[in-house]
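Data block below; observations after.
There are 4 protein chains.
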Amino acid sequence: MSRIPVTVLGATGVVGQKFVRRLVDHPLFEIRHLTASDRNVGKRYAEGCAWHVTEGEPYLGLGDRILQPSTPDAAFSPVVFSALDTAPAREIEPLFAQAGALVFSNAAAFRMDSDVPLLVPEVNAAHLDLVRFQRANRGWSGGIVTNPNCTVTVLTMALAPLQAAFGIEAIHMTSMQAVSGAGYPGVSSLDILGSVIPFIRNEEAKVEEEAPKLLGTFAGACIDPARVGVSAHCNRVPVIEGHTESVSVRLKGDPSPEAVAEVMRAWNPLAGLGLPSAPAVPIHVHDAEDRPQVRKDVGRDGGMSVHVGRIRRCALFGIKFTVLGSNTERGAAGCSVLNAELAIMRDLLAREI
Amino acid sequence: MSRIPVTVLGATGVVGQKFVRRLVDHPLFEIRHLTASDRNVGKRYAEGCAWHVTEGEPYLGLGDRILQPSTPDAAFSPVVFSALDTAPAREIEPLFAQAGALVFSNAAAFRMDSDVPLLVPEVNAAHLDLVRFQRANRGWSGGIVTNPNCTVTVLTMALAPLQAAFGIEAIHMTSMQAVSGAGYPGVSSLDILGSVIPFIRNEEAKVEEEAPKLLGTFAGACIDPARVGVSAHCNRVPVIEGHTESVSVRLKGDPSPEAVAEVMRAWNPLAGLGLPSAPAVPIHVHDAEDRPQVRKDVGRDGGMSVHVGRIRRCALFGIKFTVLGSNTERGAAGCSVLNAELAIMRDLLAREI
Amino acid sequence: MSRIPVTVLGATGVVGQKFVRRLVDHPLFEIRHLTASDRNVGKRYAEGCAWHVTEGEPYLGLGDRILQPSTPDAAFSPVVFSALDTAPAREIEPLFAQAGALVFSNAAAFRMDSDVPLLVPEVNAAHLDLVRFQRANRGWSGGIVTNPNCTVTVLTMALAPLQAAFGIEAIHMTSMQAVSGAGYPGVSSLDILGSVIPFIRNEEAKVEEEAPKLLGTFAGACIDPARVGVSAHCNRVPVIEGHTESVSVRLKGDPSPEAVAEVMRAWNPLAGLGLPSAPAVPIHVHDAEDRPQVRKDVGRDGGMSVHVGRIRRCALFGIKFTVLGSNTERGAAGCSVLNAELAIMRDLLAREI
Amino acid sequence: MSRIPVTVLGATGVVGQKFVRRLVDHPLFEIRHLTASDRNVGKRYAEGCAWHVTEGEPYLGLGDRILQPSTPDAAFSPVVFSALDTAPAREIEPLFAQAGALVFSNAAAFRMDSDVPLLVPEVNAAHLDLVRFQRANRGWSGGIVTNPNCTVTVLTMALAPLQAAFGIEAIHMTSMQAVSGAGYPGVSSLDILGSVIPFIRNEEAKVEEEAPKLLGTFAGACIDPARVGVSAHCNRVPVIEGHTESVSVRLKGDPSPEAVAEVMRAWNPLAGLGLPSAPAVPIHVHDAEDRPQVRKDVGRDGGMSVHVGRIRRCALFGIKFTVLGSNTERGAAGCSVLNAELAIMRDLLAREI
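Chains as they are written, first to last, in the numbering used here: chain A, 1 to 353; chain B, 1001 to 1353; chain C, 2001 to 2353; chain D, 3001 to 3353.
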């Protein structure tokens, strides 16, 4: 079977490069177009970006590809992955959706729109059906499917089995986030070497609004958000890749730490579906008292699993634990690619492809 | 007036060295003895330790002092500062107290004893009077006064004005702690470079038990602990000096962030007492949205003030903010020295000195 | 064909774990014994060490293996890999050699012995024949083959093609070395975070004495060392894995930087031999003006290749460049395993196996 | 005596802020004007820059000063300190010199001009007299005095006593430089966390051309550069402040390491002159085998002294050692201020002031 041609919008940034790495040898997809912003259009890929992927050779054999403008005329494919920033995403992604492409977007622009799926396949695969309403609403033959903010993705991977098994009433999360989340050049070394920055613009608001949508239920034409209080503190720490999150959570029925661990270990909603990017074990539950640790754990399973440890009693919420996940893989490019794999399996590509 | 001779117990470690730096030019105190564990007794101070203080010349002119054993016979002074570890502190500090010394201890050994003050002068100066009951209880002419765990000290500095002005109902704190808190050699670089360790042994329990005692009220012969729920997540980050804490707090009457900031700015319970180590401003309240930052802020006022920023609404607790303070200065040696200054002012030295 | 059983001496340390990772799925070798020092003998592998390998699952499926004592009686295999420290290596490795094992050692104990090969297969494969003289000299049926100090290995990988093509007269090298080279716990975070330590015990002497032996010629029963002046400055920097070296070199005939680059690119002495651990390209010559960079480049080819960049004129030596390589892979475990592969191919195993 | 009014050109950057810190309480100088580039002119100082100085309160009491344009009309003072980048410095500094100001510049623009002093007072105070020729040549009543590149300043502080006592024939230097040398935002954290960048644009050329001028002799109307070969490797490491340099040097007469150390310890050419910014000891010679270390040593003497350690035999050059110094203090702002103090003492201010 021939592979589906895909476009990567904004292929030159940190997340764009992660898309390229995930797609260059993908069994279902084949990279047709790489796009860039105006000042890099027409350049070779190797000229248009500082390369940040450390696996494989630089540019992964695509260094000579010519960067295209981010328009459907120049760079249409039936499946599009978007690593655009929020503002250009708001303009550009609908053009591709209207032209018939299914856009899998890492941008924040449409995440909270009522007819746009905010999707992590293990967490809320049912939400993908919102695309059918989106098409009706907007008159598009394609559509837009978003993945959440990286911090939220990691968080909800740990919370989804608890929501399913017990029900969640309140979530308190303090993050220690990697600098790769800010892109390149992103965070200045003068600000972060040997330090902590207790602020990431818009990040706490994203956690607090996206988590209830993700944990919510598909209610016909929209999502009924989970009725759960969420409070987030977001911090930047001198780590390259991987967000560590200290989570306190109030669950219905006040289950024990052992019950929580058991539910997390047993959770594997994508088992047997054969999605190429789905990790065999979505949550690794660590027994060692000092794990997970970002440098030692974040690279397992290509960054697609998350790591939970220190599940214990919380005097205020009942349960607390640490969760760790890759922000650019599971929290960005990898999630979008997995979303696309789910959409292909669900036969959501526009008919005319 | 002549200065009071003092002994530093465990002068070779990270905190012991900070004691030495604070005492070497102190207007009230004069270093008489430096003690060490058996393998270093009899050595010159410069031979007995790797020097970690970065201000001034190495060993601060005391490199030729001979290290003494940690016994009252060898190293008595009327005022003693203890940088011992918990286990030796439990044996050694009472010997000095019985011999008539007032021991200001950074160790955890006696902090939670009902007749031992756990003291931060700005927070709970009234607790110092417990020493009189301790002397009666134990038949000591001296006594033991402890300072809290470093994380708790920084936390309660920010909370004390809120307890006084509003009353606190619940405290949730996630720390990002510096490696100097683990002493030397302490944390291996292989574990912490570019990483986060979500575990510090016993640290969360200390926060959860010491904070209510500190925020409690002096009730005659003991402390009535504050009736406040406390939950802590303690993390190690690649920072040399300075603990950053993300705090959520539930206050009576649900005051606004502006009211909280105003109370913190106005708070200065030691103003006018003339204690040499008291900072002019105990809490610096930052307006910049991305402060406090440990590398940029922790060194102000010799590390004796704390820094609060990002005071804002919390969906779960009402108020959240970030507090930063020096773990080895305000959180250890500096707090003990300030405790001693307060005790001198309160005329608590044993009579026979 | 069945795989050759192997023993890893000192399997619990940083380098020992790297041996295990390289051997666990090796086409020629099969792990039979893992040994440890006395305090860990009898424990399960997972209990006997803090795990540092970040690829794959912790302990790689060998967590239940029982750690053996480092004696031929308890842990003989025909091929032995030694990650012992120098002092125990001096005692233990000869016992295995005498018992008939071919010991591939990362330790410094025997590197400079006149009848012991100091081997990097791409650099001086001919030196391996010293083993035959060693057997005669010492009456061993096995033997000892050492790999060099990690810094020297990386350095000589870059220099070997220049020695072959031009001849080297003088080498000046300044290293910036990773903390993993010091083992675990090794370098304290208090010493290295945000800092540089301009000293690594014995390291400069090793560079200055091992490099001439490696670049020397096999002269019958011994190695005629290269007549080349060597001076080294060795520094520790806050990097986890990978040594960066600033090299100035005086070559016969004063070739141009372009000629040097061409010789390095063309160099591939193991091409076609089919050694499983040999990298397809031993030296990657970078054109980008700011490469190689340790975080971005050191992981290529499983750490078995080295990276050279910034080849340019030197006002004092003629040529200068930067070379980067993995200290625990190419500079330690990987080199020993490659040495063993070469020895198997050369049919050097003791007859009685 | 009233203080001399001064202007800081480019007061908003990392070095500009260091000028402000050094001048805000200076006994000879008083800050009159702070200038900025166009987009910040007219703003308050506190609005016009991200503050990087960690000593004292933010903005040091000058937060309300209005930023001026960098023109003599708007911001003339008899003494001017320039933290401008090279390109604007080339345009702006001559305007101030022509208007009668003595400009002390940290910029590279005029350093190698034959009639411009490249000055480190301890190293080559005699070169300051070039200003008189400069005035004659250019018809200026003021003048321009430059300080060297930070790496060169630290290097020549260590070499000047050796040039005076023995004579230097060749210098080989490999630097490990702090990120503050690149300004703000400067080096991206994604490039430098846990890594080394073996390239700093133009840095090696500056070292190789500035060092001979600094170590040269004043020959009437110009400087006769030292006849010394220089080769530099410049690397960036994850350090905030302080350049560490591994130096090999060939000296006439091949003195011993002990003789070199003795000459360095005895060297103090500014002793007794009473220059406020001159350190009491310009070179601290360390005996400990693992010093100097940037985090532990760079802050002494306000960053105005340099630290030398590990003086030992070099197989190729005769002597090798490590030198460490502050790049933004001794290597930039502090050196310029010391230059100005020397010029005042030498009565070099334009008459009309």
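Where a beta carbon is used, it is the ideal one built from N, C-alpha and C, also for glycine.
(1) What are the complete beta strand (DSSP E) segments, minimum 3 residues, inside the region 3026-3106 of chain D?
(2) Rounded to the nearest angstrom, what separates residue 2276/C and residue 278/A at their Cα positions?
(3) Measure from the C-beta of residue 2321/C to each C-beta in chain E and report whether the shortest distance is under 7 Å.
(4) Quick check on DSSP: helix, strand or coil for residue 3224/D?
(5) By the three-class DSSP mapping on this structure, what secondary structure does residue 3293/D have?
(6) Could you pull out every residue in the same chain whose Cβ sits closer than 6 Å to the Cβ of residue 2967/D, ignoring the five residues on either side in sequence?
(7) Could you spell out the range, first to last residue, of the alpha helix (DSSP H) harbouring residue 2245/C?
(8) Hey, is residue 177/A's beta-carbon within less than 7 Å of any beta-carbon in chain B?
(9) Grab me the residues of residue 3352/D's own chain with a C-beta within less than 7 Å of its C-beta, minus the 5 sequence neighbours each way, in chain order.
(10) Consider the Cβ of residue 1184/B: report whether some Cβ of chain C lies at a distance smaller than 7 Å.
(11) With DSSP collapsed to three states, give me the class of residue 3121/D.
(12) What residues of chain D sit near residue 187/A, judged by a beta carbon separation below 7 Å?
(13) Buried or exposed: where does residue 1252/B fall if 16 or more other Cβ atoms within 10 Å of its Cβ makes it buried?
(14) Using only alpha-carbon positions, find the residue among 2062/C, 2014/C, 2030/C and 2009/C that is nearest to residue 2038/C.
(15) In whole angstroms, what is the alpha-carbon distance linking residue 143/A and residue 5/A?
(16) Any residues in the region 3240-3252 of chain D with a beta carbon nearer than 9 Å to a beta carbon of chain B? Which ones, in chain order?
(17) Roughly how many angstroms lie between the CA atoms of residue 1148/B and residue 230/A, to the nearest whole one?
(18) Below 7 Å between beta carbons is the criterion; list the residues of the region 193-220 of chain A that meet it against any residue of chain D, in chain order.
(19) Counting C-beta neighbours from all protein chains within 10 Å, is the total for residue 132/A 16 or more, i.e. buried, or is it exposed?
(20) So with Cβ pairs under 7 Å, would you call residue 2014/C a contact of chain D?
(21) Quick check: the Cα distance between residue 3328/D and residue 2317/C, rounded to an integer number of angstroms?
(22) By the 10 Å Cβ neighbour count, where 16 or more other Cβ atoms means buried, how is residue 2369/C classified, buried or exposed?
(23) So for residue 1235/B, helix, strand or coil by DSSP?
(24) I want to see whether chain A comes within less than 7 Å of residue 1401/B, judged by CB atoms only; does it?
(25) Residues in the same chain with beta-carbon distance under 8 Å from residue 1086/B, minus the five sequence neighbours each way, listed in chain order, please.
(26) Consult DSSP for residue 187/A and reduce its assignment to one of helix, strand or coil.
(27) Within its chain, find whatever has a CB closer than 7 Å to the CB of residue 90/A; leave out the 5 residues flanking it on each side and keep chain order.
(28) Distance cutoff 7 Å, beta carbons only. Does residue 1174/B sit that close to anything in chain A?
(29) Our contact map puts residue 1192/B next to residue 1177/B with C-beta atoms below 8 Å; I'd like the distance itself, whole angstroms only.
(30) Decide if residue 1240/B is buried, meaning its Cβ has at least 16 other Cβ atoms within 10 Å, or exposed.
(31) Output, in chain order, the set of chain C residues within a Cβ distance shorter than 7 Å of residue 1286/B.
(32) Alpha carbon to alpha carbon, what distance is there between residue 1233/B and residue 1158/B?
(33) For residue 1266/B, does the three-state DSSP call read helix, strand or coil?
(34) Please identify the residue among 1267/B, 1135/B and 1146/B whose C-alpha is closest to the C-alpha of residue 1210/B.
(35) Is the distance from the Cβ of residue 2309/C to the Cβ of residue 2326/C below 7 Å?
(36) Let me check you understand the geometry: is the CB of residue 1013/B closer than 6 Å to at least one non-hydrogen atom of the ligand NAP?
On the basis of the coordinates in this document:
(1) 3029-3034, 3079-3082 and 3102-3105
(2) 30 Å
(3) The chain labelled as chain E is not found among the protein chains of the depicted structure, namely A, B, C and D.
(4) strand
(5) coil
(6) Nothing can be reported for residue 2967/D, as the shown portion of chain D is limited to 3001 through 3353.
(7) It is not in any alpha helix (DSSP H) - residue 2245/C instead sits in the beta strand (DSSP E) that spans 2243-2251.
(8) no
(9) With a pLDDT of 49 at residue 3352/D, under the threshold of 50, the modelled position of that residue is not reliable, and the figure given next carries that caveat. So the qualifying residues of the chain are 3100 and 3141.
(10) yes
(11) helix
(12) 3189
(13) exposed
(14) 2009/C
(15) 16 Å
(16) 3240
(17) 31 Å
(18) 193 and 194
(19) exposed
(20) no
(21) 31 Å
(22) Because residue 2369/C is not part of the residues shown, which for chain C are 2001 to 2353, the question remains open.
(23) strand
(24) Absent from the structure is residue 1401/B, since the part of chain B shown begins at 1001 and ends at 1353.
(25) 1107, 1108 and 1109
(26) coil
(27) 109
(28) yes
(29) In fact, because the Cβ distance is near 11 Å, the residues do not count as touching under 8 Å.
(30) buried
(31) Under the 7 Å cutoff, chain C gives no residues; its nearest Cβ is about 23 Å from residue 1286/B.
(32) 17 Å
(33) helix
(34) 1146/B
(35) no
(36) As far as ligands go, the structure on display features none, and thus does not contain the ligand NAP.
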